[in-house]
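Everything below concerns the one structure shown next.
Number of protein chains: 2
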Amino acid sequence: MRVALVGLGTVGTGVIRLLDANRELIARRAGRPIEVRAVNARDRSRDRGVDIARFDWADDMMELARRDDIDVVVELIGGSDGPALALARAVLSAGKPLVTANKAMLAHHGLSLAKLAEQSGIPLKYEAAVAGGIPVIKGLREGAAANEISSVYGILNGTCNYILTTMEREGRDFNEVLKEAQELGYAEADPSFDADGIDAAHKLSILASLAFGTQIDFGAVDIGGIRSVSAADIREAAALGYRIRLVGVAENRADGLFQRVHAVLVPMHHPLASVEGSLNAVLAEGNFVGSLFFSGRGAGEGPTASAVVADLIDIARDEYGDPFAMQVEQLAKRPKANSGDTIGRVYLRFLVQDKPGVLAEIAAAMRDAGVSIESVIQRGAHEDGAVLLVVVTHDTAERAIRETLDQLAGSDNLIAEPVVMPILG
Amino acid sequence: MRVALVGLGTVGTGVIRLLDANRELIARRAGRPIEVRAVNARDRSRDRGVDIARFDWADDMMELARRDDIDVVVELIGGSDGPALALARAVLSAGKPLVTANKAMLAHHGLSLAKLAEQSGIPLKYEAAVAGGIPVIKGLREGAAANEISSVYGILNGTCNYILTTMEREGRDFNEVLKEAQELGYAEADPSFDADGIDAAHKLSILASLAFGTQIDFGAVDIGGIRSVSAADIREAAALGYRIRLVGVAENRADGLFQRVHAVLVPMHHPLASVEGSLNAVLAEGNFVGSLFFSGRGAGEGPTASAVVADLIDIARDEYGDPFAMQVEQLAKRPKANSGDTIGRVYLRFLVQDKPGVLAEIAAAMRDAGVSIESVIQRGAHEDGAVLLVVVTHDTAERAIRETLDQLAGSDNLIAEPVVMPILG
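Read top to bottom, the protein sequences are chains D and C. FYI, the numbering for the first sequence is 7 to 431, going by the numbering used here. FYI, the numbering for the second sequence is 7 to 431, going by the numbering used here.
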């Protein structure tokens, strides 16, 4: 099977290395050899540590869609639109199989691309787009396919998890750890896709579609990140028996689809609490299978290449079908659930003036909104006179939390915007 | 797609319930409805809590292999040979797809059955045979297919894990917990397949074949069970920072295939240490993907039915291929590795006389065999005058442990056969 690779960054060179290293084994498993025939990237001359001179260099990536000597195109350019999308459309329109690791493109254009694939009955595969090397696309699309799935959730961004668990271990603050992660190459120069939850939201919207048989609806994901999580939050959460993780949660509710990426408190004994460093993990709850848990390395050259080549092997074996587990027209269009109805315990952290009446004001706002308090922790004043006040609520509707915050919005007693995190489970 | 179910025990009725409950969703995902057309079981009249009068009753299960109105046969009889094997051969020989949950049959006859499937180019699927609802067959066969896998290991028998974790939680002994588990229906009246590690060994031999591209070699599995694990072992292990689990380990070593099912000490922070009750879990180590971890419910009506129907959906979608990931003739025949070469730390528990010189004798035997001791725990005498002596070694070759035990074999100082458990990783 002759493959064209477009994009020769970390993942692209990883795919070349993997196909070199495991060539014989892959041929046995795939039923035929899989070889790179042609490549294209922005820069032909950059030293990538792998020999690319043995492959055809395609000056125009778009020609790869039409070439008869290419059986599959692998898109590793990235970006939701632009060249990646143009290439994907051209490849599928030409009736050629496409493998991609591009979650942004799938979150925005996955259904239209799947329709193109359907029209020609050819594969559009994307295991590497979510959770790196963990076969969670396959786990949902096929492994759990017999189940009505009520929720799918997990740790979908390795950079955020690396930052949070480093903050946890070393007691350091976000900005400091982010800077170090950037220097080490674990975080991008522009960290917003990771740190603000957008990357995890792309992935979550894809998982939700597979899990629930619904149309991808990235626009309906409520997205939060980890910039507002402080070392103090991690410390207070630990004292209460929790760890803080950026978790994407999707639920198929009676009133619609609930999708949210947010920093949450995870109980110590929960499987997600043990997910450290750049690992990813996904849980799905099925009505017959119960809870399924998958974890592993969610990013990096090796794991992502592993997922890309797994897709190639499926194609070589002729084992593939509808990209989103069913025909696109079968995917249900569901409204966005009212997140205010979400019931759960909530962690609130206030930074307040060190003066009388502050706790009274906050407590009154919660009482007026009908929020019942489970515990309150107030630590002595900071160096700057500010006081950290942590409140954990009993089960409460999130709309009541919003009412509380609205009521406190103008208060002189608050030094900073309150930080709100749901408590998982 | 018209299905015949043979065997209407827990799993068979679970499949009927699942297909009833999730009918519409499954039709969307499978691309066509999946319906039970005919059934067969030993007893037609037994009340199973599901209506089977609406299905054809096949008086002779063998006729199902030949019937034109049956597209797939699901074998849920169990047993490595006998009727299950006769049915499987007849179905595949007739060119009809087969789904089975029968690990014993696959461990013994998997390759010859796979050859029959290959000859007709039809599916032989068996996701339910290993780890119940966890899609670990798919995870290895497809998800990790790009990798050279060095080891696959995990908790493969829910009954043993239930017994061990109950012993752990309640400080009770094996026989007592087994009896209770039998009364609750969690363990069979004849517990040997579970408690002696045979069931886990069946599953391990299947996983090893998929992971390594080798022929199934059940006869080469070293098999131990959990009957010799005492409440005292669990207590001592806990004091040392370990939990005891029955773990199946398969490694693709330079000198051959290492396969063993044994009670082992698992470090508290290892993912397998958190696997509680009847859950199962599997880890695989790939040369590009790194460590993959899957867990979930490994037995019971719902999870097993989920796996059976996932197979049916794959067949309905026409997404299937070689049962053991490659053509049978491509599977390597590997010798059995010399387990004496296995290097690791080992837990030894002796029950000894309470008199001078006992420790000296044991320590001398270990010294003579070249076994280096990491720690020794001796607790005060039992009520019956016996003393519990626990030794943890440094890394040592297992042949040296055997030499130690051989040397001690005739000793009057030992009250009972020593208990030996490897320490994981």
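The C-beta atom is built at its ideal place from N, Cα and C for all residues, glycine as well. If you're wondering where the values come from, they're calculated on a predicted model, not measured in any experiment.
Taking the Cβ atom as the reference point for each residue, do Q433/C and A226/C lie within a distance shorter than 7 Å? Past the boundaries of the shown model lies residue 433/C; chain C is included only from 7 to 431, so the question cannot be answered.
Pair every Cβ in the region 257-273 of chain C with every Cβ in the region 246-265 of chain D, then say whether three or more of these pairs are closer than 8 Å. no
Would you call the CB atoms of A44/C and D57/C closer than 7 Å? In the second sequence, counting from the first residue as 1, residue 44/C sits at position 38. In the second sequence, counting from the first residue as 1, residue 57/C sits at position 51. Cβ distance not < 7 Å, so A44/C and D57/C don't count as in contact.
What's the C-alpha gap between Q413/C and A371/C? By 1-based counting over the second sequence, the position of residue 413/C is 407. By 1-based counting over the second sequence, the position of residue 371/C is 365. Computed Cα separation, rounded: 6 Å.
Could you check whether I161/D and V281/D sit closer than 7 Å to each other, using their CB atoms as the reference points? Position 275 of the first sequence, counting from 1, holds the residue named residue 281/D. Position 155 of the first sequence, counting from 1, holds the residue named residue 161/D. Contact flag set, yes.
Does the pairing of the region 107-125 of chain D with the region 140-147 of chain D give three or more beta-carbon distances under 8 Å? no
So E307/C and T16/C are supposed to be a Cβ contact under 8 Å. How far apart are they, rounded? Within the second sequence, the letter at position 301 stands for residue 307/C. Within the second sequence, the letter at position 10 stands for residue 16/C. Confirmed, about 5 Å.
Closer than 6 Å: is that where the CB of I143/C sits relative to any heavy atom of the ligand FAD? Ligands are entirely absent from the displayed structure, and the ligand FAD is therefore not among its contents.
Starting from P309/D, find everything on chain C with Cβ-Cβ shorter than 8 Å and list it in chain order. Along the first sequence, one-based indexing puts residue 309/D at 303. What P309/D touches in chain C: F294, V295 and G296.
Residues in its own chain within less than 7 Å of A150/D by CB, not counting five upstream and five downstream? By one-based count along the first sequence, residue 150/D stands at place 144. So the list reads A290, G292, V295 and L298, once near-sequence residues are dropped.
Uninterrupted beta strand (DSSP E) stretches inside the region 285-309 of chain D (no shorter than 3 residues): 285-292 and 296-303
Hey, is A97/D's beta-carbon within less than 7 Å of any beta-carbon in chain C? On the first sequence, residue 97/D is found 91 positions in, with the first residue counted as 1. A small fix is needed here, since residue 97/D is Val in this sequence, not Ala. No - not a single Cβ of chain C is within 7 Å of the one on V97/D.
Pairing CB atoms from the region 343-351 of chain D with CB atoms from the region 385-394 of chain D, are three or more of them under 8 Å? no
Start-to-end residues for the alpha helix (DSSP H) that takes in T410/C: Start at 1 with the first residue of the second sequence, and residue 410/C comes out as number 404. Element bounds for T410/C: E404 to L414.
Proximal residues of chain D, C-beta to C-beta of G149/C below 7 Å: Locating residue 149/C in the second sequence gives position 143, counting from the first residue. By Cβ distance, chain D contributes P141, K144 and A316.
Do I319/C and V78/C have their C-beta atoms closer together than 7 Å? Counted from its first residue, the second sequence places residue 319/C at position 313. Counted from its first residue, the second sequence places residue 78/C at position 72. Against a cut-off of 7 Å, the Cβ pair of V78/C and I319/C comes out as no contact.
By DSSP, does M441/C sit in helix, in strand, or in coil? Here chain C covers residues 7 to 431 and nothing more, so residue 441/C does not appear.
Could you give the first and the last residue of the continuous alpha helix (DSSP H) run that contains M173/D? The count along the first sequence starts at 1 and reaches residue 173/D at position 167. Note, M173/D: alpha helix (DSSP H), G164 to E176.
Residues of the region 226-250 of chain C in Cβ contact with chain D at a cutoff of 7 Å, in chain order, please. none
Tell me, please, whether the CB atom of M332/C is closer than 7 Å to any CB atom in chain D? On the second sequence, position 326 is the one that residue 332/C refers to. Judged by the 7 Å Cβ criterion, M332/C is in contact with chain D.
Beta-carbon of L31/C versus every beta-carbon of chain D: anything under 7 Å? Walking along the second sequence from the start, residue 31/C turns up at place 25. L31/C counts as touching chain D.
Complete runs of the beta strand (DSSP E) confined to the region 217-267 of chain C [at least 3 residues]: 248-259
To the nearest angstrom, how far is the alpha carbon of C166/D from that of A311/D? Position 160 of the first sequence, counting from 1, holds the residue named residue 166/D. Position 305 of the first sequence, counting from 1, holds the residue named residue 311/D. For C166/D and A311/D, the distance between alpha carbons rounds to 21 Å.
Contact set for E409/D: own chain, Cβ-Cβ below 6 Å, skip 5 residues either direction: As a working note, residue 409/D is residue 403 in the first sequence. Excluding positions up to five away in sequence, the list reads A375.
Kindly say whether L24/D, judged by its beta-carbon, lies nearer than 7 Å to any beta-carbon of chain C. As a position in the first sequence, residue 24/D is number 18, starting the count at 1. Chain C, which has a Cβ nearer than 7 Å to the Cβ of L24/D, makes this yes.
Thinking C-beta only, is V270/D closer than 7 Å to P129/D? Within the first sequence, residue 129/D is the residue found at index 123, counting from 1. Within the first sequence, residue 270/D is the residue found at index 264, counting from 1. In this structure, V270/D does not lie closer than 7 Å to P129/D by Cβ.
Based on DSSP bridge pairs, tell me the residues matched to Q384/C. Along the second sequence, read from residue 1 onward, the residue named residue 384/C stands at position 378. Per DSSP, L395/C.
Any idea if S211/D is buried or exposed, counting beta-carbon neighbours within 10 angstroms, 16 or more meaning buried? Position 205 of the first sequence, counted from the start, is the residue given in the question as residue 211/D. S211/D should be labelled buried.
Close Cβ partners of S215/D (< 6 Å) along its chain, the five nearest in sequence each way excluded: As a first step, residue 215/D is located in the first sequence; it is residue number 209 there, counting from the start. Answer for S215/D: I222 and F330, listed in chain order.
Going by DSSP, which residues form a beta bridge with V425/C? Within the second sequence, residue 425/C is the residue found at index 419, counting from 1. Per DSSP, R355/C.
Run through DSSP, which three-state label would K144/C get? One-based indexing of the second sequence puts residue 144/C at position 138. DSSP places K144/C in helix when its eight states are reduced to three.
N- and C-terminal bounds of the beta strand (DSSP E) containing N46/D: Indexing the first sequence from 1 puts residue 46/D at position 40. Element bounds for N46/D: E41 to N46.
Once DSSP output is grouped into helix, strand and coil, what is the label at K342/C? Counting from 1 along the second sequence, the entry for residue 342/C is found at position 336. Looking at K342/C - three-state DSSP - the assignment turns out to be strand.
Within the continuous alpha helix (DSSP H) that includes I32/D, where are the two ends? Position 26 of the first sequence holds residue 32/D. From DSSP, the alpha helix (DSSP H) with I32/D extends over R29 to A36.
Within the 7 Å Cβ cut-off, does A3/D reach chain C? Chain D is shown only over 7 to 431; residue 3/D falls outside these bounds and no answer can be derived.
E182/C, DSSP secondary structure in three states: Taking the second sequence and counting its residues from 1, the one referred to as residue 182/C is at position 176. Helix.
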